[in-house]
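K.L.:
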Amino acid sequence: MRAVTWQGKRKVSVDEVPDPTIEQPTDAIIKVTSTNICGSDLHLYEVLGAFMTPGDILGHEPMGVVEEVGSETGDLKVGDRVVIPFQISCGSCYMCDSSLYTQCETTQVRDQGMGAALFGFSSLYGAVPGGQAEYLRVPQAQFTHIKVPEGPSDSRFVYLSDVLPTAWQGVEYASVPDGGSLTVLGLGPIGDMAARIAHARGIRVIGVDRVPERLERLRARGIEVIDLDAVDDIGEEIRIRTDGRGTDSVLDAVGMEAHGSPVATVLQQVTSVLPDALAQPLLQNAGVDRLSAVLSAIDIVRRGGTVALTGVYGGTADPLPLLTMFDKQIQLRMGQANVKKWVPDILPLLGDDDPLGVDSFATHELPLEQAPHAYDIFQKKQDGAVKIILKP
Ligand SMILES: NC(=O)c1ccc[n+]([C@@H]2O[C@H](COP(=O)([O-])OP(=O)(O)OC[C@H]3O[C@@H](n4cnc5c(N)ncnc54)[C@H](O)[C@@H]3O)[C@@H](O)[C@H]2O)c1
Ligand SMILES: [Zn+2]
Ligand SMILES: [Zn+2]
1090 MRAVTWQGKR
1100 KVSVDEVPDP
1110 TIEQPTDAII
1120 KVTSTNICGS
1130 DLHLYEVLGA
1140 FMTPGDILGH
1150 EPMGVVEEVG
1160 SETGDLKVGD
1170 RVVIPFQISC
1180 GSCYMCDSSL
1190 YTQCETTQVR
1200 DQGMGAALFG
1210 FSSLYGAVPG
1220 GQAEYLRVPQ
1230 AQFTHIKVPE
1240 GPSDSRFVYL
1250 SDVLPTAWQG
1260 VEYASVPDGG
1270 SLTVLGLGPI
1280 GDMAARIAHA
1290 RGIRVIGVDR
1300 VPERLERLRA
1310 RGIEVIDLDA
1320 VDDIGEEIRI
1330 RTDGRGTDSV
1340 LDAVGMEAHG
1350 SPVATVLQQV
1360 TSVLPDALAQ
1370 PLLQNAGVDR
1380 LSAVLSAIDI
1390 VRRGGTVALT
1400 GVYGGTADPL
1410 PLLTMFDKQI
1420 QLRMGQANVK
1430 KWVPDILPLL
1440 GDDDPLGVDS
1450 FATHELPLEQ
1460 APHAYDIFQK
1470 KQDGAVKIIL
1480 KP
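Numbering (the working numbering), first residue to last: 1090 to 1481.
In structure tokens form, the structure reads like this:
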């Protein structure tokens, strides 16, 4: 089959690889019909390369049709139309019983000290072959799937794999009080969708980014936006707009490739040319995150407010302003989204009236073969690329 593989820093290719096969009774194989590129893939493309091996199949936002099932895949049948969550979870362990599917104890990547295995997400998360391919082996398939109805096009449902539940959890974790306000930092697919969800709930949303077309997508939906490059101090600008206080909550949907931290950029460049054995501990322990978005979030949030981190951060030793966080009495919540926890809440919003605008959410739909071009324009934010669906 054809699959998108990681080949090195900023280098992916589309190659012929062996078809996946059923390896465990709980496996299923799906024929992929749509498969998105995510901001998380850009971390692997650029800064987390030390955890990748050339030839690794990328991708964790697929949907398709069940092609083959093992003997223990529950009610999953050949021919079912399914979206596959980005995390692999069993549905029956202690963590899954608490709907903490990203912490599944059956699939936890214990040798790396990490939570549930993820598709296409480096050795840190189990080195599981990903879904930017013609076929995908789905482990723990008895639970790791979302059945969706026939009829509407893939774009209606494909964001259930990641964007929708991640944005939803971000808004939940931001704990905006009734009649309250939320700053969303970063208007990539995740921040954009979170802003739409919060706006639909009647929350006052202020979206922040520096890419004109990303700001425009929200402005066109009647959402207040600020161009980061047009203001001197984003915290000050938001306090001016909120009676000097800051918003009740802030959602960081930027992650470790935030714009504005030159020192970390140098460290990222250094680790990207070191051999993996040296770069991995440096990335994990010395911490090379670019914290500018988190630091903005801590500055922007009002005293006693909540900061939610949806953006992915990689290191462990970054300095955080603990004194300010303590003094402002900030609550902080974060983590990978527990996809299936939120699906029942989201499905009613995926009807023909399309209140969240999912049918027109993707800016590009490209053949799988064009993945190298797609990664390039998504990373460089060229050609208006905000969300790209690949078609195998
Ligand atoms: N928690 C989860 O389960 C989960 C799931 C999916 C994605 N993510 C993470 O969410 C983050 C966003 O994903 P995406 O697909 O939207 O990616 P993206 O890279 O397209 O979006 C990031 C946006 O942040 C903007 N930005 C950069 N620096 C900024 C700053 N200092 N202030 C404000 N905006 C800034 C960029 O211009 C860009 O538009 C990534 O870190 C991704 O890994 C987390
Ligand atoms: Zn994703
Ligand atoms: Zn589990």
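Glycine residues also receive a C-beta, built at the ideal position from the N, C-alpha and C atoms.
CB His1132 to CB Ile1173, shorter than 8 Å?
P.N.:
Result no, Cβ atoms of His1132 and Ile1173 do not sit closer than 8 Å.
K.L.:
May I ask whether a heavy atom of ligand 2 can be found less than 7 Å away from the beta carbon of Ser1129?
P.N.:
Flag set: Cβ of Ser1129 near ligand 2.
K.L.:
Roughly how many angstroms lie between the CA atoms of Gly1376 and Val1273, to the nearest whole one?
P.N.:
Residue placement at Gly1376 is flagged as unreliable, the pLDDT there being 48, under the threshold of 50; the coordinate-derived value follows with that caveat. Their backbone Cα atoms lie some 24 Å apart in a straight line.
K.L.:
Hey, could you find the ends of the beta strand (DSSP E) Met1423 is sitting in?
P.N.:
Looking at the DSSP string, the run of the beta strand (DSSP E) that includes Met1423 is Gln1420 to Met1423.
K.L.:
According to DSSP, Glu1157 sits in a beta bridge with which residue or residues?
P.N.:
Answer is Ile1118.
K.L.:
Work out the CA separation of Glu1326 and Val1352 for me, nearest whole Å.
P.N.:
Because the pLDDT of Val1352 is 48, which lies under 50, any placement of that residue in the model is unreliable, and the number read from its coordinates should be weighed accordingly. Roughly 25 Å separates the two Cα atoms.
K.L.:
Taking a cut-off of 5 Å, which residues have a beta-carbon closer than that to any heavy atom of ligand 3, in chain order?
P.N.:
Those residues, listed in chain order, are Ser1178, Cys1179, Cys1182, Cys1185, Cys1193 and Thr1195.
K.L.:
Using the beta-carbon count (16 or more within 10 Å), is Phe1210 buried or exposed?
P.N.:
Phe1210 is buried by the Cβ-count criterion.
K.L.:
In the region 1090 to 1142, which residue ranges form an unbroken beta strand (DSSP E) of at least 3 residues, counting only runs that do not cross its ends?
P.N.:
Runs found: 1091 to 1097, 1100 to 1105 and 1117 to 1126.
K.L.:
Should Gly1163 be labelled buried (16 or more other beta-carbon atoms within 10 Å of its own) or exposed?
P.N.:
When all chains shown are included, Gly1163 counts as exposed.
K.L.:
Determine the closest residue to Gly1159 out of Leu1137, Tyr1183, Cys1193 and Thr1110, with distance taken between C-alpha atoms.
P.N.:
Cα-wise, what sits closest to Gly1159 is Thr1110.
K.L.:
Mind checking who Ile1176 pairs with in its DSSP beta bridge?
P.N.:
Note that residue 1176 corresponds to Gln in the displayed sequence, not to Ile. Per DSSP, Leu1207.
K.L.:
What beta strand (DSSP E) runs, 3 residues minimum, are completely inside the region 1274 to 1319?
P.N.:
List check, beta strand (DSSP E) in window: 1293 to 1298 and 1313 to 1316.
K.L.:
On the DSSP bridge list, what partners appear for Ile1146?
P.N.:
BP columns for Ile1146 point to Thr1094.
K.L.:
Apart from the five residues just before and just after Gly1269, which ones in its own chain have a Cβ nearer than 6 Å to its Cβ?
P.N.:
Taken in chain order, the residues that qualify are Asp1337.
K.L.:
Taking 8 Å as the limit between beta carbons, can you name the residues of its chain near Gln1418, skipping five residues before and five after?
P.N.:
So the qualifying residues of the chain are Arg1392 and Gly1393.
K.L.:
Opposite Tyr1224 in the DSSP bridges: which residues?
P.N.:
The partner list for Tyr1224 (beta bridge, DSSP) reads Lys1120.
K.L.:
Contact check, Gly1275 vs Asp1341 under 8 Å by CB: the rounded distance?
P.N.:
Sure, about 7 Å apart at Cβ, within 8 Å.
K.L.:
Taking the Cβ atom as the reference point for each residue, do Asp1130 and Ala1216 lie within a distance shorter than 8 Å?
P.N.:
Contact flag unset, no.
K.L.:
To the nearest angstrom, how far is the alpha carbon of Gln1471 from that of Ala1309?
P.N.:
Computed Cα separation, rounded: 20 Å.
K.L.:
On the DSSP letters alone, give me the boundaries of the alpha helix (DSSP H) that His1462 sits inside.
P.N.:
Here the alpha helix (DSSP H) through His1462 covers Ala1460 to Lys1469.
K.L.:
If you compare alpha carbons, which of Asp1243, Val1432, Glu1302 and Val1390 is closest to Pro1151?
P.N.:
Out of Asp1243, Val1432, Glu1302 and Val1390, Asp1243 has the C-alpha closest to the C-alpha of Pro1151.
K.L.:
Express the C-alpha separation of Gly1311 and Met1141 in angstroms, rounding to a whole number.
P.N.:
Those two C-alpha atoms are separated by around 41 Å.
K.L.:
I need the DSSP call for Ser1483, collapsed to helix, strand or coil.
P.N.:
With the chain represented from 1090 up to 1481, any question about residue 1483 goes unanswered, as that position is not in the structure.
K.L.:
Nearest to Val1265 by alpha carbon, out of Pro1241, Ile1478, Ala1287 and Lys1236?
P.N.:
Checking every option, the nearest Cα to that of Val1265 belongs to Ala1287.
K.L.:
Regarding Glu1135 and ligand 2, is the C-beta to nearest heavy atom distance less than 7 Å?
P.N.:
No, the Cβ of Glu1135 stays beyond 7 Å of every heavy atom of ligand 2.
K.L.:
Measuring straight from C-alpha to C-alpha, what distance separates Asp1442 and Ala1139?
P.N.:
Computed Cα separation, rounded: 44 Å.
K.L.:
Determine the direct distance from the alpha carbon of Asp1416 to that of Asp1251, and round the result to whole angstroms.
P.N.:
So the alpha carbons of these two residues sit roughly 34 Å apart.
K.L.:
Residues in its own chain within less than 7 Å of Met1090 by CB, not counting five upstream and five downstream?
P.N.:
Val1106, Asp1108, Ala1222, Glu1223 and Tyr1224.
K.L.:
Look at Gly1424 and Ser1385 and say whether their C-beta atoms are less than 8 Å apart.
P.N.:
No, the Cβ-Cβ distance between Gly1424 and Ser1385 is not below 8 Å.
K.L.:
Closer than 7 Å: is that where the CB of Pro1107 sits relative to any heavy atom of ligand 1?
P.N.:
No; taking the cut-off as 7 Å, the Cβ of Pro1107 has no heavy atom of ligand 1 nearer than that.
K.L.:
So if DSSP puts Ile1478 in a beta bridge, which residue, or which two residues, is it bridged to?
P.N.:
Its beta-bridge partners are Asn1125 and Glu1454.
K.L.:
Rounded to whole angstroms, what's the CA-CA distance from Val1447 to Ile1466? Just pull it up for me.
P.N.:
Using only the alpha carbons, I get a separation of about 21 Å.
K.L.:
Could you tell me the distance, in whole angstroms, from the CA atom of Arg1245 to the CA atom of Thr1124?
P.N.:
Cα to Cα, Arg1245 sits roughly 13 Å from Thr1124.
K.L.:
Label Ser1199 either buried or exposed according to how many other C-beta atoms from any shown protein chain fall within 10 Å of its C-beta, with 16 as the threshold for buried.
P.N.:
Looking at the sequence shown, residue 1199 is not Ser but Arg. So Arg1199 counts as exposed.
K.L.:
In terms of DSSP beta bridges, what is Pro1151 paired with?
P.N.:
Looking at the DSSP assignment, Pro1151 forms a beta bridge with Thr1124.
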